[in-house]
Each structure stands twice: as structure tokens, then as C-alpha cells.
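The block underneath contains the structure these notes are about, expressed in C-alpha cells.
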Amino acid sequence: MSDPTPYLHLPGTARDALTFYGEVFGCAVNLHTFAEFNRTDGPADAIAHGFLSDGPVALFASDVVGDEPEFHSAGLMFSLLGTASPTTLREWFSRLADGGTVVDDLQTRPWGASDGQLIDRFGLHWLIGFEGDDRD
Numbered sequence: 133m134s135d136p137t138p139y140l141h142l143p144g145t146a147r148d149a150l151t152f153y154g155e156v157f158g159c160a161v162n163l164h165t166f167a168e169f170n171r172t173d174g175p176a177d178a179i180a181h182g183f184l185s186d187g188p189v190a191l192f193a194s195d196v197v198g199d200e201p202e203f204h205s206a207g208l209m210f211s212l213l214g215t216a217s218p219t220t221l222r223e224w225f226s227r228l229a230d231g232g233t234v235v236d237d238l239q240t241r242p243w244g245a246s247d248g249q250l251i252d253r254f255g256l257h258w259l260i261g262f263e264g265d266d267r268d
């Protein structure tokens, strides 16, 4: 059994979002357009289905058309706690924050762990952190 994988319905930004996440996480980006899927209900170059592969984060996304609801997040965080070295997690935090909003700086907590939160430029809320010190 595999883990659940988020599938985002984005307002015409699926190509940009997946490309951004692919660059941040070092994943391959796979994009399929409406034209490739023989869809005529939106722009031919809109993304009908896209996903990240060969990397540490799994994510699907597509562009919405018409009155389809687009992604909004409230009460949900994408957690990357201890999923990579502290150096990598700090880099991901910094790169995801570019063009987004830092909710809570990545910092050492009184109990010794480090974590922080941000909302990236596409509206995803991330919780990133690690146990112990910064040494890899």
C-alpha cells in the first residue's frame, strides 16, 4: 500500500507550481496538456495531469476550468518533519518561502527540535523541521 498523494486543482498555475516544486525538491516534472488528453474544455496548453517523480516529495496537480473548484488550504499542513538532513530541510524552507509567507521562522524550540511554517506562493502550508542539532 502506498501513502496518500495530494492532488491539487490549481487556477491555471499547475505548470508553474509543479516546475517550482520539482526545482525545490529535485524531482522530475511530468506534464500532460489538455491537447494531449483530447480535452477541449480549456486552453490546449493547460495542464490536464501533472506530477512529480523520482524525488523525495510526491504531488499531483492539474489546472481547473469553468466552475471547477480550485485548491484552497485551511487547517492543513504538508509536513516534512525529519524527511531529509537538517541542511536540506533548511534549504527547502528557504526556497519554498521565496514569494510566499513565513508563518513561523524555522527555529530551535525549547524541547530541542527545530521547525517552522510557511505558506508558499501557490498556497500550500508547509511544516518543516528536524530533531537535534543542525549537523547532518
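133 is the number of the first residue of the sequence shown in this note's numbering; add one for each residue after it. Built from N, CA and C at the ideal position, the CB exists for glycine as well. These numbers come from a predicted model, not from an experiment.
Check: Which residues does DSSP pair with Phe262 in a beta bridge?
Finding: Partner(s): Ser246.
Note to self: Since Gly174 and Phe166 should fall inside the 8 Å C-beta cutoff, what is the C-beta to C-beta distance between them, to a whole number of angstroms?
What the structure shows: Contact between Gly174 and Phe166 is confirmed by a C-beta separation of about 5 Å, below the 8 Å threshold.
Check: What do you get for Phe169, buried or exposed, if any count of 16 or more other CB atoms within 10 angstroms of its CB means buried?
Finding: Exposed: under 16 other Cβ atoms inside 10 Å.
Next item on the list: Return the chain-ordered list of same chain residues with a C-beta closer than 7 Å to the C-beta of Gly231, the five sequence neighbours on each side being excluded.
Entry: Once the five neighbours on either side are set aside, the close Cβ partners of Gly231 are Arg253.
Notebook entry, point to check: Roughly how many angstroms lie between the CA atoms of Gly248 and Thr219, to the nearest whole one?
Noted result: One C-alpha to the other measures close to 14 Å.
Notebook entry, point to check: Under the rule that 16 or more other beta-carbon atoms within 10 Å means buried, what is Asp236, buried or exposed?
Noted result: exposed
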